[in-house]
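If you read the sequence shown in our numbering, its first letter stands for residue 21, the second for the next number, and so on. Everything on this sheet refers to the single structure shown next.
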Amino acid sequence: MKFFITGSDTDVGKSFVTASLLRAFLEQGAKAVALKPVQTGYAENSRIPDENSRIPSQSLEPDFKEYIKAGQNANFKATCYTFAYPASPHFSAELEGKKIKARGILDFIEQNLAQITLIEGAGGILVPLNENQSFLDIAKELNAPVILVCKNCLGAINHALLNLEILRQNSIKLAALILNFHDENDAICLSNQQFLQKKLSCPIITLKNYKNNENYSNSAKDFRAFISKFLDKK
């Protein structure tokens, strides 16, 4: 079983959700892995294009280190493309004179499949990999249900529905909508949740702004009901 995790925007918590899902599956005894095929903002693996670049002088901790905190094998290679500049993959690759190939990503995923494989994109579903391909092409080729992560704030309804329309037009199944940074005392958060629950037939999972969740055991609990139906098939 494969899942493709994408976001409605940047900084909505895709890596947090991916690591939490990974922890949830592992706690239930599943053989699960998380992959981040394209990682930007990782300075150790790249040269600096020019002296005026804003590439960080120190390595940024890549997202797959969060998977390790959740229980993934530290020796597992979770990424096939890494770039220093923290930006859209196509731009980060251009700065280093490189090009991302969708076929390379798909081959990498195929070589690392497990009972449960979580594939985290970079940014949103239409983020470009190169001049002609985006993560939408990856999602279509994978034929995997999508888990869409949205930050539950003002604008979440529009962001969610725009992404859902793209998925619908491309015959991609939505497995779940995650409303991250949910606040039960916030009227907008509650309104977003209620409106989208009426619009959608898929599960909607709300996650609060977790703290002291270093191994993702707390947030994993919020996914137990969701993952149980997939484990029952195994």
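Just so you know, even glycine gets a beta-carbon here, dropped at the ideal spot from N, CA and C.
CA-to-CA, the gap between residue 127 and residue 100 works out to about 10 Å. A Cβ-Cβ contact shorter than 7 Å links residue 162 with residue 24. Given a length threshold of 4 residues, each whole run of the alpha helix (DSSP H) inside the segment 80-126 is given here in chain order: 84-90 and 109-115. The alpha carbon of residue 165 has as its nearest neighbour, out of 153, 191, 150 and 173, the alpha carbon of 191. Per DSSP, the continuous beta strand (DSSP E) segment holding residue 139 begins and ends at 136-144. Secondary structure note for residue 246: its alpha helix (DSSP H) is the uninterrupted segment 244-251. Taking residue 220 as the centre and dropping the five residues before and after it, the same chain places the C-beta of 197 closer than 7 Å to its C-beta, in chain order. By a beta-carbon distance limit of 8 Å, residue 167 contacts residue 37. Their separation comes to about 7 Å. Nearest neighbour of residue 60 by Cα position, chosen from 125, 22, 110 and 183, turns out to be 110.
The bridge partners DSSP lists for residue 209 come to none.
Contact check for residue 120 against residue 145 fails: the beta carbons are separated by 7 Å or more.
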